[in-house]
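*Asks:* Each step along the sequence shown adds one to the number in numbering that gives the first Met the number 0, with nothing skipped, and position 44 is 43. Even for Gly, the Cβ is constructed at its ideal location relative to N, Cα and C.
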Amino acid sequence: MRRLIILMAAAGATLTAACEVNQTKEAEAPDVDVNASGGQLPEYDVDAKEVEVGTTEKQVDVPEVDVKTEETKVEVPTVEVKD
Numbered sequence: 000m001r002r003l004i005i006l007m008a009a010a011g012a013t014l015t016a017a018c019e020v021n022q023t024k025e026a027e028a029p030d031v032d033v034n035a036s037g038g039q040l041p042e043y044d045v046d047a048k049e050v051e052v053g054t055t056e057k058q059v060d061v062p063e064v065d066v067k068t069e070e071t072k073v074e075v076p077t078v079e080v081k082d
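#1: DSSP three-state label for Met0, please.
#2: In angstroms, rounded to a whole number, what distance separates the CA positions of Val52 and Asp60?
#3: Should Ala35 be counted as a contact of the ligand SAM given a C-beta to heavy atom distance under 7 angstroms?
#4: Which value, in whole angstroms, describes the spacing of the CA atoms of Ser36 and Glu49?
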């Protein structure tokens, strides 16, 4: 699964890098007139509670897991970019 994700990321990067981009028109910012007078931010009176954070030791059941892997050949997608 991890190999497939890496392969897909590499394919996406390849496709992005394979694009040729030419600017055809210059950008222009719009003309904006702003008339603003002073404003006021709201005020708040906040009474925060005191929070104590700590740790304690507890006994819990934890399962033991034995994972076995084996190497297998699988078919994976390929990506080819042509002009």
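*Replies:* In short:
#1: coil
#2: 24 angstroms
#3: In the structure shown, the ligand SAM is absent, as is every other ligand, since no ligand is present at all.
#4: 40 angstroms
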